[in-house]
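Residue numbers (full-length UniProt numbering): 1 to 281. Think of the CB as a built atom: it goes at the ideal place given N, C-alpha and C, for glycine as much as any other residue. To start, the structure itself, in structure tokens.
Dropping the structure here:
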């Protein structure tokens with residue numbers, strides 16, 4: 001049995017601590033070291049706190065599903081909720097690391113700029129970029145924001161978002177017309193998202209910048225949620241129709257590589273790589 005790890009803080013910092021929160025955290029740490037469920041009295045004794053204080057803390061933790069209470073035997077044990085929180089932290093911490101090699105592979109295969117991005121407060125944000133070696137190429141800064149209704153990564157992130165959340169964002173979009181190809185109505189945009197869900201990827205053929213084309217695919221976490229997008233972008237003189245069809249297969253393949261490393265299941269039959277529905281027409 002492992003003892004709980006000692007906290008890392010100075011004595012000066014401890015005066016800012018919330019005593020009840022500290023007790024709750026210590027109770028969870030203690031329960032994590034136990035191989036069996038414990039009763040209220042035993043928990044209070046181990047923590048050297050009053051029984052009524054332990055009861056209030058455990059009731060709160062149980063109500064928020066961090067602790068499971070056996071109502072028959074009146075025993076307490078940790079739930080699996082902390083595991084899911086840990087996975088979310090791992091997703092964020094590992095996304096850039098897990099994506100870099102697939103991004104470099106995409107650049108090697110396509111010769112074009114490869115980017116990684118995500119949703120943040122209802123906007124698309126670039127997280128990483130691997131620039132093309134070509135003298136004429138697409139280059140943006142990390143942190144650059146992209147529109148959701150016209151950029152391929154924005155569309156693919158919305159398409160695989162929870163439907164209710166997706167609708168909330170759609171209702172807030174302004175549908176600014178950047179070019180003659182930009183989608184400017186909610187009805188047309190919803191049809192576009194439906195096609196993206198069916199095909200597993202999104203295209204931008206001059207919808208944001210007339211001379212720029214790109215193709216994007218979602219990156220999923222262990223729960224199957226699309227937490228990011230990976231995409232290839234370049235001038236339309238190079239990314240013509242036949243190459244977009246080729247590159248979208250490569251983008252989808254590398255998005256699967258990252259997704260699997262983040263805990264997503266096997267990719268068999270997830271994307272219609274060879275179906276007629278995946279046409280770039």
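Distance, residue j Cα to residue i Cα
i           : j           : result
residue 250 : residue 69  : 49 Å
residue 146 : residue 136 : 20 Å
residue 153 : residue 104 : 18 Å
residue 18  : residue 56  : 15 Å
residue 188 : residue 149 : 10 Å
residue 182 : residue 206 : 8 Å
residue 162 : residue 45  : 45 Å
residue 185 : residue 26  : 53 Å
residue 82  : residue 99  : 25 Å
residue 59  : residue 180 : 59 Å
residue 133 : residue 201 : 25 Å
residue 73  : residue 65  : 18 Å
residue 245 : residue 256 : 17 Å
residue 252 : residue 94  : 19 Å
residue 16  : residue 235 : 55 Å
residue 164 : residue 140 : 31 Å
residue 261 : residue 239 : 29 Å
residue 36  : residue 49  : 20 Å
residue 20  : residue 80  : 22 Å
residue 151 : residue 125 : 11 Å
residue 241 : residue 167 : 30 Å
Residue i Cβ short of 7 Å to the ligand GTP heavy atom set
i          : result
residue 15 : Of ligands this structure carries none, so the ligand GTP is not represented either.
Test item: CB-CB of residue i and residue j under 8 Å
i           : j           : result
residue 254 : residue 131 : no
residue 233 : residue 113 : yes
residue 47  : residue 28  : no
residue 53  : residue 23  : yes
residue 228 : residue 117 : yes
residue 157 : residue 203 : no
residue 193 : residue 155 : yes
residue 160 : residue 226 : yes
residue 175 : residue 208 : no
residue 110 : residue 247 : yes
DSSP state of residue i mapped onto helix, strand, coil
i           : result
residue 27  : helix
residue 39  : strand
residue 128 : strand
residue 213 : strand
residue 162 : coil
residue 76  : strand
residue 18  : coil
residue 120 : strand
residue 68  : strand
residue 60  : helix
residue 173 : coil
residue 110 : helix
residue 277 : Residue confidence is low: residue 277 scores 40 on pLDDT, short of 50, so the model does not pin down where it sits. Its coordinate-derived value is still stated next. Residue 277: helix per DSSP, three-state reduction.
residue 148 : coil
Presumed contact (8 Å Cβ cut-off) between residue i and residue j, rounded CB distance
i           : j           : result
residue 67  : residue 78  : 6 Å
residue 282 : residue 220 : Because the chain here runs from 1 to 281, residue 282 falls outside it and cannot be looked at.
residue 96  : residue 127 : 6 Å
residue 51  : residue 62  : Their Cβ separation, rounded to whole angstroms, is 16 Å, which puts residue 51 and residue 62 out of contact at 8 Å.
residue 213 : residue 264 : The Cβ separation is near 27 Å, so there is no contact.
Inset, instruction - Note down, one range per segment and in chain order, each alpha helix (DSSP H) of at least 4 residues found wholly within the stretch 199-264. - result: 241-261
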